[in-house]
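**Q** Per this note's numbering, residue 18 is the first one in the sequence shown, and the count goes up by one each step.
Right, I'll just put the structure down here and ask away after.
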Amino acid sequence: LGFGFLTIGSVRQRPHPGNPKPWLVRYPEQNALVNSLGLPSKGAAHVLSNLAQAHLEVPVFCSIAGESVDDFTVVLEKLQEHVDGIEVNVSCPNVERDGTFEDDLAMLDILVSAITERKKRPILLKLSPFPARERDKMLQIVDIAKRRGVDGITAVNATPIPEDRLGVGRGGLTGSSVRGEARRVVSDIYEEVQGKIPIIGVGGVSSGKDAYDMIAHGATAVALLTALIYSGPGTAQIVNKELLEMLTRKHFSSIKELVGYHSRTPS
18 LGFGFLTIGS VRQRPHPGNP KPWLVRYPEQ NALVNSLGLP SKGAAHVLSN
68 LAQAHLEVPV FCSIAGESVD DFTVVLEKLQ EHVDGIEVNV SCPNVERDGT
118 FEDDLAMLDI LVSAITERKK RPILLKLSPF PARERDKMLQ IVDIAKRRGV
168 DGITAVNATP IPEDRLGVGR GGLTGSSVRG EARRVVSDIY EEVQGKIPII
218 GVGGVSSGKD AYDMIAHGAT AVALLTALIY SGPGTAQIVN KELLEMLTRK
268 HFSSIKELVG YHSRTPS
């Protein structure tokens with residue numbers, strides 16, 4: 018399909034049904050949607066069984082989630098040797114806990130430390146789409162990631178909004194509607210880490226131009242999902258083709274040369 022890697026999950030320690038349905042509302046005029054799945058999961062043991070039977074030709078990252086530090090570390094230790102990397106999802110807006118792990122920086126520090134002390138694979142930390150007014154808080158989280166030896170950052174998760182048509186009356190907005198905010202967060206993180214930590218840019222990527230812009234703002238790679246729903250399974254190949262054409266047209270010899278270009282170049 019043209020993807021360079023896959024991220025599965027999020028996976029919980031034990032089976033979990035997720036939120037009451039309906040889970041999904043489409044905004045087709047915006048190429049966007051709102052979901053409130055609530056991280057349903059068949060549990061780590063089930064996923065481990067599936068991984069043992071899978072024969073995938075691209076690297077696989079596993080997103081893990083939980084309600085406690087112990088939840089995260091149990092899933093980490095059970096699955097990490099069967100995948101190529103772990104994404105720690107501390108930012109899902111649709112779970113039953115009151116807020117996310119990002120709301121308590123001391124607890125987040127404990128969690129990230131517990132994860133990195135046990136890691137045998139690269140660790141990514143997935144962050145929320147922090148509004149501009151919370152930039153300082155976001156950079157404190159980035160500092161925790163740097164100090165604790167996190168290998169990369171995924172930015173961003175879905176944007177929480179009210180939506181009465183969903184089972185819980187709220188959900189996470191994804192797709193084209195969040196593209197600008199996602200780029201802003203990626204740019205802020207890039208300026209803080211100065212290329213020393215890779216960033217996976219997520220949010221509204223559906224074309225080669227979207228990928229180009231996200232990378233130019235500081236992403237090392239991009240990921241997408243909502244675009245698959247609207248444009249189908251050929252999306253990644255189209256994005257790759259258009260991105261290569263833009264790199265050639267703008268005289269970049271590689272994606273690496275493009276990373277953070279907007280931050281390094283005076284406007």
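Ideal Cβ placement from N, Cα and C applies to all residues, glycine included.
So who's on the other strand from C79, going by DSSP bridges?
**A** In DSSP, C79 forms a bridge with I25 and I103.
**Q** How close, in whole Å, do the beta carbons of G189 and N111 come, if the pair is a contact with beta carbons under 8 Å?
**A** Sure, about 6 Å apart at Cβ, within 8 Å.
**Q** Tell me which same chain residues have a C-beta within less than 8 Å of the C-beta of T117, skipping the five on either side of it?
**A** Only V107, S108, C109, P110 and S145 meet the Cβ criterion.
**Q** Can you say whether C71 is buried or exposed, counting buried as having 16 or more other CB atoms within 10 angstroms of its CB?
**A** Inspection of the sequence shows that residue 71 is occupied by Ala rather than by Cys. It is exposed - the Cβ of A71 has fewer than 16 other Cβ atoms within 10 Å.
**Q** Reducing DSSP to helix, strand and coil, say where K273 ends up.
**A** Three-state DSSP puts K273 in a helix.
**Q** Assign H234 to one of three DSSP states: helix, strand, or coil.
**A** Three-state result, H234: coil.
**Q** Look up H33 in the DSSP assignment and say whether it is helix, strand or coil.
**A** Strand.
**Q** Where does L260 sit, in a helix, a strand or coil, going by DSSP?
**A** Residue state, collapsed to three classes: helix.
**Q** What does DSSP give as the partner residue(s) for N302 in the beta ladder?
**A** Not covered by the structure: residue 302. The range shown for the chain is 18 to 284.
**Q** So, do the segment 58 to 74 and the segment 39 to 47 have three or more beta carbon pairs nearer to each other than 8 Å?
**A** Verdict: no, contact absent.
**Q** Beta-carbon within less than 6 Å of L18's beta-carbon, same chain only, minus the 5 sequence neighbours each way: which residues are those?
**A** Answer for L18: P250 and A253, listed in chain order.
**Q** Quick one: using the 10 Å Cβ neighbour count with 16 as the cut-off for buried, is A149 buried or exposed?
**A** Exposed: under 16 other Cβ atoms inside 10 Å.
**Q** Taking 7 Å as the cut-off, decide whether the C-beta atoms of L260 and A228 are in contact.
**A** The answer is yes: Cβ separation under 7 Å.
**Q** For T243, is the classification buried or exposed, using 16 other Cβ atoms within 10 angstroms of its Cβ as the cut-off for buried?
**A** Buried: at least 16 other Cβ atoms inside 10 Å.
**Q** Mind reading off the beta-carbon distance from G186 to P179? Whole number of angstroms is fine, and I expect it under 8 Å.
**A** Their Cβ separation, rounded to whole angstroms, is 6 Å, which keeps G186 and P179 in contact under 8 Å.
**Q** Any heavy atom of the ligand GTP within a distance shorter than 6 Å of the CB on M155?
**A** The model depicted lacks the ligand GTP and carries no ligand whatsoever.
**Q** Identify the continuous alpha helix (DSSP H) that holds T117 and give its terminal residues.
**A** That residue, T117, is in no alpha helix (DSSP H); it is neither H nor E in DSSP.
**Q** Evaluate the contact criterion for the segment 44 to 54 versus the segment 116 to 133: three or more CB pairs, one atom per stretch, below 8 Å.
**A** Output reads no: the segment 116 to 133 does not touch the segment 44 to 54.
**Q** Rounding to the nearest angstrom, what Cα-Cα distance links A123 and L73 in this structure?
**A** Those two C-alpha atoms are separated by around 38 Å.
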